[in-house]
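Reading through the structure tokens given below for one structure.
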Amino acid sequence: PQLHNTQPVEFNHAINYVNKIKNRFQNQPEIYKSFLEILHTYQKEQRNMKESQGNYTPKLTEQEVYAEVARLFKNQEDLLAEFGQFLPDA
Amino acid sequence: SFDFTPVDSAAVFVLSSMARQRRASQ
Chain A
181 PQLHNTQPVE FNHAINYVNK IKNRFQNQPE IYKSFLEILH TYQKEQRNMK
231 ESQGNYTPKL TEQEVYAEVA RLFKNQEDLL AEFGQFLPDA
Chain B
58 SFDFTPVDSA AVFVLSSMAR QRRASQ
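If you read the sequences in order, they're chains A and B.
Letter by letter, the first sequence follows residues 181 to 270 of our numbering.
Letter by letter, the second sequence follows residues 58 to 83 of our numbering.
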């Protein structure tokens, strides 16, 4: 039951964060697009791992996701710090 | 603004599931 109470918080946080990134990079849409691609790849790798029941090593670890996003968000430390709040094992 | 495209929604979905996973692992 506690989990159900916390889900909207996480969802709202994610909405606000995506909105913040969109606004920050509205003149550099390629950065936002790259960010979406990183997330998409991460999700795909997580799904592969889940479906293989642990017999698949993800090509993109949490550390690599963080490193890629750090490169993308250089000089935007607030965005990177906030991203760290989402990432498991960051 | 909150003018979200389906791609944006997908990003929100991934981020919120990451956050849930993070919470679950703590």
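Using N, Cα and C, we set each Cβ at its ideal position, and we do this for glycine too.
{"Check": "Neighbour flag for residue 194(A) against chain B, beta carbons, 8 Å", "Outcome": "yes"}
{"Check": "Helix, strand or coil at residue 78(B) according to DSSP, with G and I counted as helix", "Outcome": "helix"}
{"Check": "Local Cβ density within 10 Å of residue 71(B), reported as buried at 16 or more and exposed below that", "Outcome": "buried"}
{"Check": "Listed by chain order, chain B residues near residue 202(A) by CB distance under 8 Å", "Outcome": "65"}
{"Check": "Enclosing alpha helix (DSSP H) for residue 223(A) [first to last residue]", "Outcome": "209 to 231"}
{"Check": "Chain-order list of residues whose beta-carbon lies under 7 Å from that of residue 212(A) (same chain, five-residue window excluded)", "Outcome": "201, 202, 205"}
{"Check": "Contact the stretch 71 to 80 of chain B vs the stretch 193 to 200 of chain A: 3+ CB pairs below 8 Å", "Outcome": "yes"}
{"Check": "Partners in chain B for residue 233(A), counting only beta-carbon separations shorter than 7 Å", "Outcome": "The contacting residues do not exist; residue 233(A) stays about 17 Å from chain B at best."}
{"Check": "Closest residue to residue 78(B) among 250(A), 230(A), 239(A) (Cα-Cα distance)", "Outcome": "230(A)"}
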